[in-house]
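Trainee:
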Amino acid sequence: MITRFAPSPTGALHLGHIYAAKVAHDLAQMNNGRFHLRIDDLDRTRCRPDFIDAIYDDLRWVGLDWHGTPSFQSDRQTYYAKAITRLHNMDLLYPCYLTRRELAEMTQAPHGTPYNDSPIMPINTDQMISDSEQKRRAAEGQQAAWRLRMDAAIKATDSHTPFSWRECAYSAGAGLKIATPEIFGDVVIARKDLGSSYHLAVVIDDMLDNVSLVTRGVDLQASTHLHRLLQALLDLPTPDYLHHPLVTDADNKRLAKRDKAQAVDAFRHNGMDAESLMAYLPPLPGYESVRT
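Here it is in structure tokens:
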């Protein structure tokens with residue numbers, strides 16, 4: 010078994026991060042597997058070297074050591090570019106020149122928040138403005154986001170059975186899950202500011218790291234619908250998934266990096282020892298047997 014913890018170095022780790030790392034670490038250890046650390050530094054404008062060093066320091070302080078050398082998304086742009094080219098060659102991507110604000114105004118209502126507060130998008134956004142307007146924006150140097158044409162992508166897999174994945178966490182409804190990627194609409198695959206989107210990068214990363222069990226918060230379970238489609242389109246292996254409960258604050262709200270009071274280094278500098286901090290975290294979630 011190979012698990013992974015993949016933090017973004019855009020701020021200090023909080024208790025939720027440590028719990029996510031602990032779940033991945035302990036499951037690998039219990040099953041004679043390996044726990045891998047990946048640094049998700051796709052957004053180079055927000056990632057900082059001191060946050061990377063702090064991630065190493067915090068994980069070691071609480072006793073969650075990793076196997077081998079950490080991997081970095083910033084070292085994998087070539088792999089992402091090849092995947093984007095492949096999807097282009099399959100005629101599954103199209104340019105979108107609309108901003109998020111314009112899309113929100115055109116659709117008049119939000120469509121949900123499946124990942125990182127990004128709304129599910131409608132389909133065929135290239136048809137929401139005229140060809141002449143698209144050409145004008147391109148001529149003025151506006152860079153397009155490249156969206157996956159969802160209906161064509163689903164047909165391109167030639168799958169005669171529904172997409173599915175094996176969910177291992179009881180709290181997330183353990184068992185076979187049917188993926189319905191169409192709920193995402195025409196999601197962005199290549200971003201004009203970052204290159205690859207999170208969704209594309211993460212499925213490639215998990216393949217490159219040979220991850221067999223993806224453990225992450227239940228707030229990311231919806232993303233798995235889309236990830237299964239991308240895995241099918243790119244002929245990538247399908248790992249098992251375990252979506253664990255979130256660590257919340259006193260108001261039952263999900264912890265965020267902006268909540269500095271819950272940062273690991275804040276507890277540490279206030280005199281708490283690592284053993285006491287780890288004892289504060291919830292136990293491992295109940296789960297079905299996992300592949301080793």
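Numbered per this note's numbering, the sequence shown spans residues 10 to 301. Beta carbons are placed, not taken as given, at the ideal position from N, Cα and C, and that holds for glycine.
Just curious, the alpha helix (DSSP H) that Thr12 is in, first and last residue?
Mentor: Note, Thr12: premise wrong, no alpha helix (DSSP H); beta strand (DSSP E) at Ile11 to Phe14.
Trainee: Go through its chain and collect everything with a Cβ distance to Tyr88's Cβ below 6 Å, but skip five positions before and after it.
Mentor: Ile213
Trainee: Taking the alpha helix (DSSP H) that Tyr207 falls in, what are its first and last residues?
Mentor: Tyr207 to Leu217
Trainee: Inspect the beta-carbon positions of Val196 and Leu243 and report whether they are closer than 7 Å.
Mentor: no
Trainee: Nearest-angstrom Cα distance between Ser180 and Val223?
Mentor: Distance between the alpha carbons of Ser180 and Val223 is about 15 Å.
Trainee: Using 8 Å as the cut-off, can you tell me whether the region 217–232 makes contact with the region 247–255, which would need three or more C-beta pairs spanning the two stretches below that distance?
Mentor: yes
Trainee: Using the rule of at least 16 other Cβ atoms within 10 Å of the residue's Cβ for burial, across every protein chain shown, is Ala30 buried or exposed?
Mentor: With 16 or more Cβ atoms within 10 Å of its Cβ, Ala30 is classed as buried.
Trainee: What is the C-beta distance between Asp103 and Pro291, in whole angstroms, given that I count them as a contact (C-beta under 8 Å)?
Mentor: A small fix is needed here, since residue 103 is Tyr in this sequence, not Asp. That pair is no contact at about 43 Å.
Trainee: I need the straight-line Cα distance from Gly295 to Phe193, nearest angstrom please.
Mentor: Rounded to the nearest whole angstrom, the C-alpha separation of Gly295 and Phe193 is 29 Å.
Trainee: Using a Cβ distance threshold of 8 Å, determine whether the region 13–28 contacts the region 47–61, with at least three qualifying pairs required.
Mentor: yes
Trainee: Buried or exposed: which applies to Tyr289, given that a residue is buried once 16 or more other Cβ atoms fall within 10 Å of its Cβ?
Mentor: exposed
Trainee: Contact check, Leu239 vs Leu209 under 8 Å by CB: the rounded distance?
Mentor: 6 Å
Trainee: Quick one: what's got a C-beta closer than 6 Å to Phe81's C-beta in the same chain, skipping five residues either side?
Mentor: Ile48 and Asp50
Trainee: If we call anything under 7 Å between Cβ atoms a contact, is Glu191 one with Met159?
Mentor: yes
Trainee: Which word fits Arg176, buried or exposed, when buried means at least 16 other C-beta atoms lie within 10 angstroms of its C-beta?
Mentor: Residue 176 is actually Glu in this sequence, not Arg. Taking all protein chains in view, the Cβ of Glu176 is crowded by 16 or more other Cβ atoms within 10 Å, so the residue is classified as buried.
Trainee: On the criterion of 16 or more Cβ atoms from any shown chain inside 10 Å, does Ile198 qualify as buried, or is it exposed?
Mentor: buried
Trainee: According to the Cβ coordinates, are Trp70 and Ala275 closer than 7 Å?
Mentor: no
Trainee: Whole-angstrom Cβ separation of Leu245 and Ala161, contact assumed at under 8 Å?
Mentor: 19 Å between Cβ atoms; not a contact.
Trainee: Contact defined as beta carbons within less than 8 Å: I believe Phe44 pairs with His76. What is the distance between those atoms, to the nearest angstrom?
Mentor: 6 Å
Trainee: Measure the alpha-carbon distance for Thr94 versus Thr166 and round it to whole angstroms.
Mentor: Rounded to the nearest whole angstrom, the C-alpha separation of Thr94 and Thr166 is 17 Å.
Trainee: Please determine, among Ser141, Asn219, Val227 and Ser232, the residue with the shortest C-alpha to C-alpha distance to Tyr4.
Mentor: There is simply no residue 4 to check, as the chain begins at 10 and stops at 301 in what is shown.
Trainee: Straight-line CA distance for Ser285 to Val273?
Mentor: 12 Å
Trainee: Does the distance from the C-beta atom of Leu73 to that of His97 stay below 7 Å?
Mentor: no
Trainee: By DSSP's criteria, Lys186 is part of a beta bridge. Which residues make up the other side?
Mentor: Trp174
Trainee: In the DSSP assignment, find the unbroken alpha helix (DSSP H) run with Asp276 in it and report its ends.
Mentor: First, the residue type needs correcting, since residue 276 is Phe and not Asp in the sequence shown. Here the alpha helix (DSSP H) through Phe276 covers Val273 to His278.
Trainee: With burial defined as no fewer than 16 other Cβ atoms inside 10 Å of the residue's Cβ, what is the status of Ala178: buried or exposed?
Mentor: buried
Trainee: On the three-state DSSP scale, how would you describe Arg110?
Mentor: Helix.
Trainee: Specify the secondary structure class of Thr62 as computed by DSSP and reduced to three states.
Mentor: For the record, residue 62 in the displayed sequence is Asp; it is not Thr. DSSP places Asp62 in helix when its eight states are reduced to three.
Trainee: Kindly identify the DSSP beta-bridge partner or partners of Tyr250.
Mentor: Glu176 and Val223
Trainee: Would you call His26 buried or exposed, if buried means 16 or more other Cβ atoms sit within 10 Å of its Cβ?
Mentor: buried
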